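Scroll down for the structure; my scribbles are underneath it.
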Amino acid sequence: MYSRLVHLTTNPVSALVSCERCLHKSITARKLFPILPSSFPLRIPSAQFINRWLVKDSSHRGVFGSPEPRSSKKTPPKNDLADILKGYTPSVQLQLVEAYRRGIQSSSENQRKTSIVQSITTLILRLLMFSLVTGVLLYLLRSSDRGLGGGLPKLFDSSVATFAENVDARFSDVQGCDEVKKELEDIVQFLRNPEKFNKLGAKLPKGVLLVGPPGVGKTLLARAVAGEAQVPFLYVSGSSFEEVFVGMGASRVRQLFAAAKEHAPCLIFVDEIDSVGRFRSSSPHHPYANQTINQLLAEMDGFEPSEGIIVLGATNQRDDLDKALLRPGRFDFQVYVSPPSYEGRIALFNLYLAKIRAAEDVDVNKLALGTVGYTGADIQNLVNQAAITAGLREDSEVTMAHLWDARDRLLMGPAKRRPLDEESNKVSAYHEAGHALMTLYTSDSIPLHKVRRHHRSHDFVSNRVSHSCLVHRANTEH
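Its first residue numbered 1, the sequence shown is counted upward by one per residue in UniProt numbering.
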């Protein structure tokens, strides 16, 4: 037995072959050699290293791996396995040889196990992704069926939200535009008693266009017309006709007028009509861009005046509308809603001041003189800002000081926290004083109302006027 061990240690290749034969005979290395202590630092080279070493001897290439092609010429590694094992005892060397063999066999088994685990993981991830996508689609479909205002069909829905409501607004609720109310009273008469005009052979107007800057009350006027005439009011925004899919805008226009015919006589109000009624495009790259406005033009020509349907449109960009939309037979009347006059501003201040706790020193006449050009929305915002200022200062009432401070803040911006230097203050004061002196010593000038030198975005000199002034350019050139 000792001579066999010596032979195996002196010839490592023979040792490998012998170990292979012993394993085929069910004789393990543990029966031939003692077990290494647990504290022994066992370092096992890789399977690739042992395969590269085995190719040196062609007689043993088939023992642990397939032979390499004859055409391949590889140089043997510089460090021979015998040199690597030289520092170990014969028993340890044979233990290492046996470990090499087990490592080669186990590496292929580990690769198979790894590939199986990766395939199972990939399958599980794909099933989870499929389940997630399916769940999201089912949720969107069910949410649309429950009427939650969303869901996947909402994206492809061509219906337009039209609600025929009976409004209770009246002309008395609209302040600051008495001239416009007088013009719209004729429309109210048409809607209240269309038979009277039909007997005379008169044709009811099909459309009325309200033109004016934002905040003058165009929407409130439209609701007041429907409330005075006591007819259903159909409200729709111009942007609701636009959609990313071709043909949906035209379909929504058809549904809107179909709903109007069911509730006739009624009033259709299209807010921001410039969103749908702009100039038609003649570009060949966008052949479907004009479908919505073409359908709107066709629908306004498609109903008879005797049906009692009137279309009210509101816009602040009249110049952008298509000329075909403005011709008689479609929008017969065009009413310009301008900012309120002096009397209108007094009425608006009385309306909004009645909703807050105002002090006795509040003078609406002075407020109206200092807010030339303000719309109804501007005046409402001014009164609300004054009430907020009074609340922040813990005052019990809204005074004129709060209202003037709110006016200055809306007009000139918030006050600056950092004071200006003395030179900048002096230059700014000279500038504003020049405006004041020119006003005082110029004949037929507008009366001076207020000069304010304050740490805001702008300094301010205001004149006391009751109406906006239009000055010809020729009168300003000298």
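The C-beta atom is built at its ideal place from N, Cα and C for all residues, glycine as well. Please read all numbers here as calculations on a predicted model, not as lab measurements.
The beta carbon of residue 424 is closer than 7 angstroms to none in its chain, skipping five residues each way along the sequence. C-alpha of residue 271 to C-alpha of residue 312: approximately 8 angstroms in a straight line.
Ranking 230, 300, 436, 290 by CA distance to the CA of residue 258 puts 300 first. By the Cβ-count criterion, residue 434 is exposed, with fewer than 16 other Cβ atoms from all chains shown falling within 10 Å of its own Cβ.
Out of 275, 252, 192, 316, the CA that lies nearest to the CA of residue 264 is found in 192. C-alpha of residue 350 to C-alpha of residue 315: approximately 28 angstroms in a straight line. For residue 336, the secondary structure class from DSSP, reduced to helix, strand or coil, is strand. Each of 132, 228, 174 was checked against the Cα of residue 185, and the nearest Cα belongs to 228.
Selection 118, 211, 251 evaluated against residue 336 yields 211 as nearest (Cα-Cα). Under the DSSP assignment, residue 302 falls in the alpha helix (DSSP H) whose first and last residues are 291 to 302. By alpha-carbon distance to residue 308, the top candidate from 194, 180, 167, 344 is 194. With a contact defined as Cβ atoms closer than 8 angstroms, residue 224 and residue 180 miss out at about 10 angstroms. Residue 233 is bridged by DSSP to 165, 267. Residue 358: not part of any alpha helix (DSSP H); DSSP gives it neither H nor E. Contact annotation, residue 379 with residue 345: C-beta distance approximately 7 angstroms; criterion of less than 8 angstroms satisfied.
As computed with DSSP, residue 207 is found in a beta bridge with 311. Judged by DSSP secondary structure, residue 279 falls outside any alpha helix (DSSP H); it is assigned neither H nor E. In the three-state reduction of the DSSP assignment, residue 398 falls in the strand class, which pools E and B. Assigned with DSSP and collapsed to three states, residue 200 falls in coil, not helix or strand. Closest in alpha carbon position to residue 347, among 177, 356, 445, is 177. Classified as exposed, residue 196 has fewer than 16 neighbouring CB atoms from the shown chains inside 10 Å of its CB. In this model, residue 342 and residue 367 are separated by some 10 angstroms (Cα to Cα). Assigned with DSSP and collapsed to three states, residue 451 falls in strand. Between residue 363 and residue 400, the gap from beta carbon to beta carbon is short of 8 angstroms. The Cβ neighbour count for residue 235, taken over all protein chains shown within 10 Å, is at least 16; the residue is labelled buried. In this chain, residue 242 is not harboured by any alpha helix (DSSP H), its DSSP state being neither H nor E. The Cβ atoms of residue 382 and residue 407 lie closer than 8 angstroms to each other.
CA-to-CA, the gap between residue 396 and residue 292 works out to about 55 angstroms. In chain order, 181, 224, 228 place their CB closer than 7 angstroms to the CB of residue 171, counting only its own chain and leaving out the 5 sequence neighbours on each side.
Nearest Cα to residue 238 within the set 226, 428, 360, 252: 252. Under a 10 Å Cβ-count criterion, residue 298 is classified as exposed, with fewer than 16 other Cβ atoms of the shown protein chains found around its own Cβ.
A distance below 8 angstroms separates the beta carbons of residue 276 and residue 296. Closest in alpha carbon position to residue 303, among 427, 207, 370, is 207.
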